[in-house]
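Chemist: In the numbering used here, the protein residues as written are 2 to 584.
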């Protein structure tokens with residue numbers, strides 16, 4: 002598949018590194034891929050947007066799901082995952098996850114991750130929403146992600162894998178055949194490298210995490226601006242299922258105007274017996290689902306939102322006062338500290354909670370080996386759509402997916418290197434026009450995009466709200482494109498402008514997919530189509546950017562005024578989710 006010709010406006014690279022593999026991202030997926038590639042003898046470079054331990058993984062509280070407990074089986078884990086995915090999981094991808102998952106967790110422990118132990122020995126396991134078994138391994142009570150991140154970062158540093166920190170990835174480099182040839186990136190601040198540069202490699206692994214910052218309130222860190230999905234779209238790759246954004250039901254409510262990253266109250270709190278109640282103390286999830294508060298996340302988020310609408314309330318409550326001070330301190334110290342930092346003591350009072358954007362179930366479309374539709378470009382973790390999550394991710398499957406599919410990617414790259422099917426070690430990238438016909442957005446547009454998305458494409462959507470969101474997002478692009486057409490001006494290249502431009506890209510794709518899916522399924526909730534329609538919509542929506550006609554290196558005003566490349570959407574049956582691809 003050819004690229005779109007669209008790229009971020011940025012200075013030409015002033016420095017470069019050569020490698021066999023460049024991994025972009027330093028969460029569980031990225032660092033696992035890097036460690037496995039390095040162990041296979043591949044020269045590997047890790048690029049990460051902040052510090053090595055600053056990705057989304059470190060914020061994961063609940064744990065990692067795998068069939069590790071007595072009486073539990075991969076088949077039971079598969080069943081729970083398929084139910085949560087609301088008919089859109091790729092069963093082969095899920096089966097791969099649940100069968101390879103237990104050994105992958107054991108290898109993570111061998112790498113140095115220390116999980117909490119049960120009093121009788123073995124791993125301490127808990128339950129979360131959608132699970133019928135205790136199969137969630139956790140660390141530090143509610144600091145699982147931080148422990149996994151620590152272990153992997155230590156292993157990467159011990160092995161001496163080269164890393165480029167504080168680096169925002171910009172665009173994919175490709176050779177004359179359209180094969181990945183590395184990435185361009187911008188390094189922020191002082192260091193061995195500075196400014197825009199390039200890492201040239203025949204294999205590129207995207208592990209850039211999520212895009213929660215496209216909404217006003219999210220559990221995602223500030224670095225989660227959809228950079229990997231935007232890069233892949235500009236490179237001509239397909240994305241799938243982007244309309245399925247999971248809103249975590251229980252996020253600490255900090256006020257209706259709160260923006261940015263919000264404190265998460267882990268599902269494990271409900272797994273240990275906390276109750277969702279309204280202001281009158283009524284447990285409104287009892288009778289709404291057989292698992293009550295432990296129903297899949299989409300059902301709980303909808304239940305909370307409905308109750309808020311019925312009562313004109315801004316939030317509901319999570320009541321775990323019956324835990325007592327000792328259990329709170331031992332099992333959930335991170336959440337306890339976060340609540341108290343905001344003036345709430347869960348030992349003595351219910352916690353105000355409301356849904357907030359949490360996880361992208363969709364992403365860059367891959368096969369079972371993490372290969373995308375662009376040769377040499379791989380994706381794993383939250384940035385990817387492997388088919389595992391379907392319309393709604395099962396709790397604590399995210400860390401496991403990153404772990405399992407990162408290992409599969411490393412194995413595939415190593416096998417291709419051994420078989421000499423990768424291109425030359427340092428492929429020559431095709432030169433790109435000096436002046437792209439694509440505007441950068443001013444950084445202040447970020448907040449407008451977030452408000453538009455929260456109002457029009459949040460937990461509850463409709464044809465009207467999505468149409469308004471699409472129109473307002475198109476207007477943001479048109480304003481920037483108009484300025485570029487009239488006087489050749491665009492926003493000053495820089496991290497804030499690049500991130501904002503990426504956010505607009507993923508926002509427009511998300512809204513386009515949500516408009517097309519005229520049903521309610523999983524975490525896609527349409528108030529104008531309140532039921533699930535398997536006959537019409539038991540399929541995936543696949544999106545790519547359809548390139549327009551070629552534009553000269555110095556485009557005319559007429560070319561710049563022309564409509565931007567269109568989003569090409571198609572649907573594909575669930576059975577046709579990508580199988581192994583030959584590239």
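From the three backbone atoms N, C-alpha and C, an ideal C-beta is built for every residue, glycine too.
So what does DSSP say about residue 75, is it helix, strand or coil?
Modeler: Helix, per DSSP.
Chemist: Taking the Cβ atom as the reference point for each residue, do residue 157 and residue 36 lie within a distance shorter than 8 Å?
Modeler: Yes.
Chemist: Is it the case that the Cβ atoms of residue 506 and residue 393 are separated by a distance below 8 Å?
Modeler: No; because the gap between Cβ atoms is not below 8 Å, this pair is not in contact.
Chemist: Specify whether the segment 151-171 and the segment 128-137 touch according to this definition: at least 3 beta carbon pairs, one from each stretch, less than 8 Å apart.
Modeler: Flag = no, the segment 151-171 and the segment 128-137 do not touch.
Chemist: What is the DSSP secondary structure of residue 162, reduced to helix, strand or coil?
Modeler: In the structure shown, residue 162 sits in coil (DSSP, three-state: anything other than H, G, I, E or B).
Chemist: For residue 94, tell me which candidate among 198, 355 and 79 has the shortest Cα-Cα distance.
Modeler: Ranking 198, 355 and 79 by Cα distance to residue 94 puts 79 first.
Chemist: Using alpha carbons as the reference points, say which of 365, 148 and 347 lies closest to residue 325.
Modeler: The shortest Cα separation from residue 325 among 365, 148 and 347 belongs to 347.
Chemist: Starting from residue 17, trace the beta strand (DSSP E) both ways and give me its first and last residue.
Modeler: From DSSP, the beta strand (DSSP E) with residue 17 extends over 17-19.
Chemist: So residue 320 packs on residue 276, CB below 8 Å; how close in whole Å?
Modeler: At roughly 5 Å, the Cβ-Cβ gap stays under 8 Å, so residue 320 and residue 276 are in contact.
Chemist: Hey, how far is the Cα of residue 186 from the Cα of residue 168?
Modeler: Residue 186 and residue 168: Cα-Cα distance of roughly 6 Å.
Chemist: Look up residue 127 in the DSSP assignment and give the residues it is bridged to.
Modeler: Its beta-bridge partners are 137.
Chemist: Does DSSP put residue 512 in a helix, a strand or coil?
Modeler: Residue 512: helix per DSSP, three-state reduction.
Chemist: Is it right to say residue 345 is buried, meaning 16 or more other beta carbons lie within 10 angstroms of its own, or is it exposed?
Modeler: Looking at its Cβ environment, which holds 16 or more other Cβ atoms inside 10 Å, residue 345 is buried.
Chemist: With a Cβ-Cβ cutoff of 8 Å, do residue 209 and residue 500 count as a contact?
Modeler: Not closer than 8 Å, so no.
Chemist: Residue 262 bridges to which residues according to DSSP?
Modeler: Answer by DSSP bridge pairing, in chain order: 219.
Chemist: Let me check one thing: in DSSP terms, what residues is residue 248 bridge-paired to?
Modeler: BP columns for residue 248 point to 358.
Chemist: Below 8 Å CB to CB, which residues in the same chain sit around residue 141 once its five sequence neighbours on both sides are set aside?
Modeler: Only 117, 147, 148, 334 and 335 meet the Cβ criterion.
Chemist: Cβ of residue 229 within 8 Å of Cβ of residue 25?
Modeler: Yes; because the gap between Cβ atoms is below 8 Å, this pair is in contact.
Chemist: Helix, strand or coil for residue 525 per DSSP?
Modeler: Of the three classes helix, strand and coil, the one that applies to residue 525 here is strand, per DSSP.
Chemist: How is the alpha helix (DSSP H) around residue 299 delimited, first residue to last?
Modeler: Start and end: 298-312.
Chemist: Taking the straight line between their C-alpha atoms, what separation do you get for residue 399 and residue 382?
Modeler: Taking the straight line joining both Cα atoms gives about 7 Å.
Chemist: Under three-state DSSP, which class holds residue 286?
Modeler: Three-state DSSP puts residue 286 in coil, outside helix and strand.
Chemist: If I'm right that residue 254 touches residue 315 with Cβ under 8 Å, what's the distance once you round it to whole angstroms?
Modeler: Right, their Cβ atoms sit about 7 Å apart.
Chemist: Return the CA-CA distance between residue 1 and residue 204, expressed in angstroms with no decimal places.
Modeler: For residue 1 there is no data in the structure shown, the boundaries of the chain being 2 and 584.
Chemist: Kindly indicate which residue of 378, 308 and 390 has the alpha-carbon position closest to the one of residue 354.
Modeler: If we check each option's Cα against that of residue 354, 308 comes out closest.
Chemist: With respect to the beta strand (DSSP E) encompassing residue 318, which residues constitute its N-terminal and C-terminal limits?
Modeler: Element bounds for residue 318: 317-320.
Chemist: Measure the C-alpha to C-alpha separation of residue 350 and residue 83 and round it to an integer number of angstroms.
Modeler: Roughly 36 Å between the two C-alpha positions.
Chemist: Can residue 477 and residue 242 be called in contact, C-beta distance under 8 Å?
Modeler: No, Cβ-Cβ distance for residue 477 and residue 242 is not below 8 Å.
Chemist: Could you check the C-alpha separation between residue 5 and residue 491 for me, to the nearest Å?
Modeler: Their Cα atoms are separated by approximately 20 Å.
Chemist: The beta strand (DSSP E) with residue 172 in it runs from where to where?
Modeler: Taken as a continuous stretch (DSSP letters only), the beta strand (DSSP E) holding residue 172 covers 168-175.
Chemist: Taking only the alpha-carbon atoms, compute the straight-line gap between residue 159 and residue 390 and give it to the nearest angstrom.
Modeler: Using only the alpha carbons, I get a separation of about 33 Å.
Chemist: Return the chain-ordered list of same chain residues with a C-beta closer than 6 Å to the C-beta of residue 287, the five sequence neighbours on each side being excluded.
Modeler: The answer, listed in chain order, is 293.
Chemist: Return the CA-CA distance between residue 23 and residue 443, expressed in angstroms with no decimal places.
Modeler: For residue 23 and residue 443, the distance between alpha carbons rounds to 30 Å.
Chemist: Can you check whether the CB of residue 138 is closer than 8 Å to the CB of residue 102?
Modeler: Going by C-beta atoms, residue 102 is not nearer than 8 Å to residue 138.
Chemist: I'd like to check one pair, residue 198 with residue 403: are the Cβ atoms closer than 8 Å?
Modeler: Cβ atoms of residue 403 and residue 198: not closer than 8 Å.
Chemist: The beta strand (DSSP E) spanning residue 201 covers which residue range?
Modeler: Residue 201 -> beta strand (DSSP E) spans 196-201.
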